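Every number in the working numbering is 468 more than the matching position in the sequence shown, counting from 1. What follows is one structure encoded as structure tokens, with my remarks underneath.
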Amino acid sequence: MRQPTTAPEFDPKLVARYDVAGPRYTSYPTAPQFHAGFDEAALRRAVDASNAGAAPLSLYVHVPFCFSPCFYCGCHRVITRDARKATEYLDYLEKELALLGPLFARGRPVHQLHLGGGTPSFLDIDHMQRLFAMLARHFDMDRAAGREWGIEIDPRGIDAAYMSELGRLGFNRLSVGIQDFDAAVQEAVNRVQSVEQTRDVLRAARGHGFTSASVDLIYGLPHQHAAGFARTLDQVIALGPDRVAIYGYAHLPHLFKAQQQIDEAHLPDAASRLALLGLAWEKLTTAGYVYVGMDHFARASDELVQAQQAGTLQRNFQGYSTHGDCDIVGLGVSAIGRIANTYNQNARDLVGYYAALDAGRLPVMKGMELSTDDIVRRELIGELMCHGTLDTRRFGARHDLVFADHFADDMERLAWLVDDGLVELRGAAINVTPRGRPLLRNIAMCFDAYLRKSTGAPRYSRTI
Ligand code: SF4
């Protein structure tokens, strides 16, 4: 068992100095490295090879539809109110499942299911029942108590009866987007959602078998200010979620068209963004939430905190996870999968996704097979992001390499961070210090072999 990770120290001046564009490392290598050379045949080979290890499965199903556009959004989504689009989409998911499902050996249990989007709760109960029947036809859906079946919910328009049906289907985790309860902020981002709507959904979930609730907040939105955000944080804490994620708004209007609706003049400046983040840290930790890493806070009793203390925490496309042993099967438009040492991503728009399936092909658009160096770096970055410590001697022995030689350039880059007190080198150990814990991705970036080669417009959000 590892030592519990030390509590972080939030030093605003230090954090401001490290505000650069960088990946979130929900995968390594990151999505911009995926390429079209990884095709359907490559995915088929990867799944076939993975059946020998028979790792359990984690299913990710992407539901791309939303009723209205939130202007800050950078997700792949389709804005519509037409329920027939969901029926058509399920027809195509069924085709994808019919092609992909039989590739996986029967007997590989599904330990984790996540419906993300878009807005998964765009699907009505009939759609949900149909989706579950389809999944059960092709995979061994493990309904044991330890299952982790999660869904992202937009509380606007959701009632207790809907949550009850979701509980009956077997969902036990929900994630709710809030961002900010302040009326001016909600108007500016086109997402008006009351505290009461959010509270009703969380209450109904708890009454219908959901054992974990997570909420998302965003700092750096237009019109956000300390007093309003403090009020939001107090309201969120009063709702009592098990997990709170707080993301920095990444204003990249050249990449995400909806963001062109946001008036840059109303965005808080760098100092104000930092103050908002500092406020969130203070309020959440004072309320008893533990900083897990990379924007995520959880109650001390939460599985994420326990996994971190036990040294079993992992990172994947949904953030931190306790099921890192699973192969991830991505289903639906733009979904990303991780099968053994490969990544794959489906076509990013409905036209391409439907066309591939109409032609009887898996809708893989790109992906990659990891090199030996990628695999080594993925593990290293995961260790630092999840546990904040690395024994370089053991790590080198495990991968049959001399750490100081293999990572000579990386350690040179890390030296700056050592000088700034973010990282401490003690014997063979690299330890993230309490001052370094809020800057995990800056530390991980030192070991990213692709980052130093990249050019052009920033593809990543800023780290603060
Ligand atoms: S933030 Fe969520 S609900 Fe809003 S447009 Fe994006 S995916 Fe849809």
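Beta carbons: idealized from backbone N, C-alpha and C, even for Gly. Values in this document were obtained by computation on a predicted structure and should not be read as measured data.
Query	Result
So does Pro491 have its beta carbon nearer than 7 Å to some heavy atom of ligand 1?	no
Assign Thr700 to one of two classes, buried (16 or more other C-beta atoms within 10 Å of its C-beta) or exposed (fewer than that).	buried
Would you call the segment 742-750 in contact with the segment 474-491, where contact means no fewer than 3 C-beta pairs closer than 8 Å?	yes
Please find out if some non-hydrogen atom of ligand 1 comes closer than 7 Å to the beta-carbon of Thr587.	yes
Skipping 5 residues on each side, what residues in its chain have a beta carbon closer than 7 Å to that of Asp841?	Ala917
Residues in its own chain within less than 6 Å of Leu772 by CB, not counting five upstream and five downstream?	Val760, Ala766 and Tyr788
Measure how close the beta-carbons of Val531 and Leu591 come, nearest whole angstrom, since I'm counting them as under 8 Å.	6 Å
Please find out if some non-hydrogen atom of ligand 1 comes closer than 7 Å to the beta-carbon of Gly787.	no
How long is the line joining the alpha carbons of Gly820 and Gly856, rounded to whole angstroms?	41 Å
Would you kindly report the start and end of the unbroken alpha helix (DSSP H) that includes Met602?	Ile593 to His606
Would you give the residue range spanned by the alpha helix (DSSP H) that Thr834 belongs to?	The question names Thr, but residue 834 is Lys in the sequence shown. Unbroken run through Lys834 is the beta strand (DSSP E), Val832 to Glu837; no alpha helix (DSSP H).
Looking at ligand 1, does it come within less than 7 Å of Gly521, judged from the CB to the closest heavy atom?	no
Compute the distance between the beta-carbons of Asn809 and Glu837, then report whether it is under 8 Å.	yes
Assign Ser839 to one of two classes, buried (16 or more other C-beta atoms within 10 Å of its C-beta) or exposed (fewer than that).	exposed
Quick one: is the Cβ of Cys541 within less than 7 Å of any heavy atom of ligand 1?	yes
Does the distance between the C-beta of Gly618 and the nearest non-hydrogen atom of ligand 1 fall short of 7 Å?	no
Looking at the structure shown, is Asn910 part of a helix, part of a strand, or coil, going by DSSP?	helix
Starting from Val760, follow the beta strand (DSSP E) in both directions and report where the run begins and ends.	Tyr757 to Gly761
Run the proximity test for Cys538: is its beta-carbon closer than 7 Å to any non-hydrogen atom belonging to ligand 1?	yes
By alpha-carbon positions, which one of Leu603, Arg513 and Arg909 ends up nearest to Glu564?	Leu603
Measure the alpha-carbon distance for Arg671 versus Phe649 and round it to whole angstroms.	18 Å
If you draw a straight line from the C-alpha of Leu848 to the C-alpha of Ile796, how long is it?	20 Å
Determine the DSSP secondary structure at Tyr528, reduced to helix, strand or coil.	strand
Which residue or residues does DSSP assign as beta-bridge partners of Trp749?	DSSP output for Trp749 lists no bridge partner at all.
Select from Leu890, Gln597 and His791 the residue whose C-alpha is nearest the C-alpha of Gln580.	His791
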